[in-house]
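Notes follow once the structure below has been shown.
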Amino acid sequence: MPSDRSLYLLRTLQRSSARRRSTEWTVTPRRPTTIEIVLLAILALSIASPTRAETDPAVPTTTPDPRRTAHAESHDPDASASSNGSGLIARRDRRRLRRPLAVPVFGRELRLSGRVTAANEAFIDRLRRFDVRDPEGEPERGRRPFADEVDLDQRIEVDVFYTFTDRIALYLAGQVEWQNLVYSDFSPEIQRSSIARKEAWVYVGDPFIDPLGIQVGAQRFSDDHQWWWDFDLDAARLRWDGRRFSAFLSVAEQLLPRQVGTDRIAAFEQDVFRILAEGYWTLPDDHVVALRVLHHDDGSPNYRVGECVPSAPGLFFRFGCIDPKREDPSDARLTWIGGHAAGRIKLRRFGQIHYRVDGAYLFGDETSYDLAGPDPETGEARRAAAADRHGVHGHGFDVGLQWELDLPGHPTWIASYAFGSGHPNDDADKQRGFRQTGIHDNGDKYRGVATLDYYGELLGPELSNLEIWTAGVGVRLFDSSSLDFLYHHYRQDETADFLRDTSIRRRPYGENKHIGDEFDAILGIEEWERFEIKAVFGVFRSGRAFRPGDGDFSYLASLRFRMNF
């Protein structure tokens, strides 16, 4: 939840002095929808809310030197990252040095920081391969029983933070990555390198009134539990950062490729327009409540049945065929409405209980395409063999409790239940039930130091047509280290022969709901200011949904070293 210190530092970029000349700020979506009326109403409500901090003596009413603001933003994650993830540059999963490099530029400090990551992951998948087909087109169940991989991923991330004036700040972040597929049963060894832009935005505080702010550019959207969003988007965001209430309204669409040197945006992001809104209340006694809305509108060109899948819209719409990496098999217009609640309840001698609830209702429609090919007669790569337009609706929620005992090591008992509704008779190409936003991450900390995938480090599914029971225990080691043990039980809501966005390549038969069980052990070590270590071991045992392959095991072992600078 937002601390007074975090709000103090956010307000340092929002001067409460005399009013400046009015500046127009308008954003006109390409496709106006009724949801925008709701979002503007939320914004109007937030502005009308009594959230000013004059009555709180803990919040300063003067604007300090912006160089001190840059210093604090670059040093202390808790200083600028509030509980709802709305801090300008710091996030709870990003550790920063207390004294990063500072370079004087035009009388102000330009702060440089970053991190180097080396991650090694071994994935041993002993479930039977269910998607191999014989020459007649029928699936051969269990033909190849192994799918082992060893990956090595190395990254260097660098960011720059600078304040031009008392109310204008700039932030730039980039990443260089080397990916090595050291070994794979199905693919040759692959070495790939890339340079990617991350965040690049300008923030203007107090453009009209205090505590209003405007943030424009590629920026991070992140929530407490990363259940709704944790993603970099090209966006314009209107922020309201009050003492007890914060809110934002944003429009987003990818304008430039993420990787430097490429001339096109990824197919799944091309022409996707989003509206995001949040209202976040900090209540007395350590409780928070948030309302959230996300509207997703995929405006990419529709494929026509029988025609070659186009390479680009416009004059050359029907010219050429694209490779599989450029295929966009669905166009969706979806809206999520829901919220978040969290807090803690003190039990005196029995420690404290931390609770959280995330939930959303999804509605909209989607057009999915069956892309077939290659065509041996024409030599063209892919054609749209069929198109299906269907409604999408459903609900999902995630409820969790953590009981932290007041004992040495602060042992914490963990229990949670997550549910995403399905739809009868769905298949991988036609999914009408609940799904997450697509910009989520499902990563959080269970009172420990390591951020983990709370739906399973190995399986890591999206919460769609699935219910997940989780139980575990975590303990603190030394000052800044932790060890977590987690057990996950997976069942489908409706029997289906697919899982949405999961790590394993196997598909269930669609005859039983029991997907399987997973056990994870996660060790996080952050005893040093510059170095972090995370080690993960996971085991997944397939359930009756994979019969006769049920009872088979998959294994995951990963080790990550990170140096902060």
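If you count the sequence shown from 1, position 231 lands on 236 in our numbering, and the numbers rise without skipping. Just so it is clear, CB atoms sit at the ideal spot from N, CA and C, and this is done for glycine as well.
Spatial neighbours of residue i in its chain, beta-carbon cut-off 6 Å, leaving aside the 5 residues before and after
i           : result
residue 465 : 458 and 508
residue 571 : For residue 571 there is no data in the structure shown, the boundaries of the chain being 6 and 570.
residue 184 : 158 and 197
residue 450 : 456
residue 429 : 499
residue 567 : 120, 122 and 537
residue 277 : 303
residue 420 : 406 and 476
residue 539 : 455, 529 and 565
residue 271 : none
residue 181 : 161 and 200
Cut-off 8 Å between Cβ atoms - residues of its own chain near residue i, not counting five sequence neighbours on either side
i           : result
residue 253 : 91, 242, 243, 244, 245, 281, 282 and 283
residue 338 : 301, 302, 303, 369, 370 and 371
residue 376 : 308, 314, 332, 334, 387, 388, 389 and 390
residue 397 : 337, 339, 367, 368, 369, 370, 371, 436, 437, 438 and 440
residue 62  : Residue confidence is low: residue 62 scores 29 on pLDDT, short of 50, so the model does not pin down where it sits. Its coordinate-derived value is still stated next. Correct list: empty, nothing qualifies.
Cβ-Cβ distance between residue i and residue j below 9 Å
i           : j           : result
residue 275 : residue 305 : yes
residue 100 : residue 537 : yes
residue 293 : residue 346 : yes
residue 124 : residue 171 : no
residue 408 : residue 357 : yes
residue 154 : residue 189 : yes
residue 102 : residue 535 : yes
residue 225 : residue 255 : no
residue 485 : residue 528 : no
residue 452 : residue 493 : no
residue 247 : residue 216 : yes
residue 93  : residue 201 : no
residue 223 : residue 206 : yes
residue 411 : residue 349 : no
residue 511 : residue 554 : yes
Endpoints, beta strand (DSSP E) assigned at residue i
i           : result
residue 415 : That residue, residue 415, is in no beta strand (DSSP E); it is neither H nor E in DSSP.
residue 470 : Where residue 470 is concerned, there is no enclosing beta strand (DSSP E), given that its DSSP letter is neither H nor E.
residue 492 : 486-496
residue 251 : 250-258
residue 200 : 195-210
residue 109 : 106-110
residue 162 : 154-168
residue 217 : 217-227
residue 279 : 277-288
residue 180 : 173-189
residue 444 : Per DSSP, residue 444 belongs to no beta strand (DSSP E) and is neither H nor E.
residue 523 : 519-530
residue 301 : 292-303
Local conformation of residue i per DSSP, three classes
i           : result
residue 550 : helix
residue 567 : strand
residue 561 : strand
residue 355 : helix
residue 439 : coil
residue 128 : strand
residue 428 : coil
residue 611 : The displayed coordinates of the chain run from 6 to 570. Any statement about residue 611 would go beyond what the structure contains.
residue 397 : strand
residue 374 : strand
residue 340 : strand
residue 482 : strand
residue 463 : coil
residue 274 : coil
residue 514 : coil
residue 230 : coil
residue 360 : strand
residue 555 : coil
residue 119 : strand
residue 502 : coil
Chain-order list of residues whose beta-carbon lies under 7 Å from that of residue i (same chain, five-residue window excluded)
i           : result
residue 447 : 231, 232, 458, 459 and 460
residue 521 : 495, 545, 546, 547 and 548
residue 519 : 496, 548, 549 and 550
residue 433 : 503
Residue i beta carbon near the ligand SAM (any heavy atom closer than 8 Å)
i           : result
residue 516 : Of the ligands one can find in the structure shown there are none, so the ligand SAM has no counterpart to examine.
Just checking, does the segment 256-263 make contact with the segment 468-481 on the three C-beta pairs under 8 Å criterion? no
Could you tell me whether the segment 162-170 touches the segment 103-121, using the rule of 3 or more Cβ pairs below 8 Å? yes
With contact counted as at least three CB pairs below 8 Å, one residue from each stretch, are the segment 474-481 and the segment 428-446 in contact? no
If you pair each beta-carbon of the segment 418-428 with each one of the segment 393-405, do three or more pairs fall below 8 Å? yes
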